[in-house]
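Protein chains: 2
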Amino acid sequence: MQDALRKFKSNIFQALSHPTRIAIVEMLRDGELPAGVIIERLGIEQANASQHLAVLRAKQIVFNRKEGQQVFYAVRDPLLFDVLDIMRRYFHAHLSESMRMLNDLDAGDSKKEEVDVE
Amino acid sequence: MQDALRKFKSNIFQALSHPTRIAIVEMLRDGELPAGVIIERLGIEQANASQHLAVLRAKQIVFNRKEGQQVFYAVRDPLLFDVLDIMRRYFHAHLSESMRMLNDLDAGDSKKEEVDVE
DNA sequence: AGGATATATTAGATTTTACGAATATACGAA
DNA sequence: TTCGTATATTCGTAAAATCTAATATATCCT
């Protein structure tokens, strides 16, 4: 049954369905990084970052290697970067609607963030 | 800021983070289909299917066209199929671990489903 | 052993998501 | 206009995700 395949896909997507986790994966594009660096660059609570790393680990999107008291993370398969690249193209291909969508989704929030292009 | 880009990506992934919605998108690979057919093939509650369609609509993954009393759905950009194709390759590339992962995630459920390959 | 550093895990509150049941809307037919 | 079909929306509830604060674990250094 290809039900398993769909479940698998949705699981991976679920793992990628948070901006912080996208940021982590993108951060690892050029190779492994210790958790400390990741956390520092994210600029969020240590515990929170660690939880996001745990999600990526659970879905096997990243793996880690312990060296001394540091833990180095790396993306398991660069195939995922291809997915992110396609998404970037997708975003640009529909730029105006994409931005409108982001604003719509934010609507109701107290602070309205500016949407700039990369 | 490419913060917007990351937010956009995670939004799309969020929309794809459910097996039913993956099924819908895949179902539309060869072109548009009326909601009725989609619902019938999914074999789930009409309301539930309609809700999933609403999610895909909100994220602009699909668009719809009304004809008479039917509503035809289509995927906005075939780029998404490329993403799904990559995920299939990803799945196969790590077949054994993928299946173990699916089982692990199911662990604790009352009924244990068999994991078959597509 | 004891303290400092790096990272992970747990707990609890809040928000978001998913689902079924019921209801609403839009349209075509009689 | 009333009826039936196709689809969407709302409501209530259960489950899952997210965040902060607190605590735990492992490793190195002295």
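Chains as they are written, first to last, in our numbering: chain A, 1 to 118; chain B, 1001 to 1118. In this text, a Cβ means the ideal position worked out from N, Cα and C, and glycines have one as well. Bear in mind that the values here come from a model prediction, so they are computed numbers and not experimental data.
The C-beta of A:His18 has 16 or more other C-beta atoms within 10 Å across all chains shown, which makes the residue buried.
The contact set of B:Ala1054 on chain A, defined by CB atoms closer than 7 Å, is empty, because the minimum CB distance reaches about 14 Å. In the DSSP assignment, A:Gln70 falls within the beta strand (DSSP E) that extends over Gln70 to Val75. Residue nearest to B:Lys1009 within the set B:Ser1098, B:Gln1060, B:Asn1103 and B:Glu1067 is B:Gln1060 (criterion: CA-CA distance). Chain-order list of chain B residues neighbouring A:Ser17: Ser1010, Phe1013, Gln1014 and Ser1017, by C-beta distance under 7 Å.
If you draw a 10 Å sphere on the C-beta of A:Leu56, you find 16 or more other C-beta atoms in it, and that means buried. Comparing C-alpha distances from B:Ile1022 to each of A:Asn11, A:Leu28 and A:Leu16 shows the shortest one belongs to A:Asn11. At a cut-off of 8 Å, the C-beta of A:Ser96 has no neighbouring C-beta in chain B. Three or more Cβ pairs closer than 8 Å define a contact, and the stretch 93–104 of chain A falls short of that threshold against the stretch 30–49 of chain A. Look at the beta carbons and you see the stretch 76–85 of chain A touching the stretch 1077–1097 of chain B: at least three pairs across the two are nearer than 8 Å.
Under the DSSP assignment, A:Lys9 falls in the alpha helix (DSSP H) whose first and last residues are Asp3 to Ala15. Contact of A:Leu79 with chain B by beta-carbon distance below 8 Å involves Ile1086, Arg1089, Tyr1090 and Ala1093. Per DSSP, B:Arg1089 is one residue of the alpha helix (DSSP H) stretching across Leu1079 to Ala1093. Where B:Glu1026 is concerned, the enclosing alpha helix (DSSP H) starts and stops at Pro1019 to Met1027. For A:Leu33, no Cβ of chain B is located within less than 8 Å of the residue's own Cβ.
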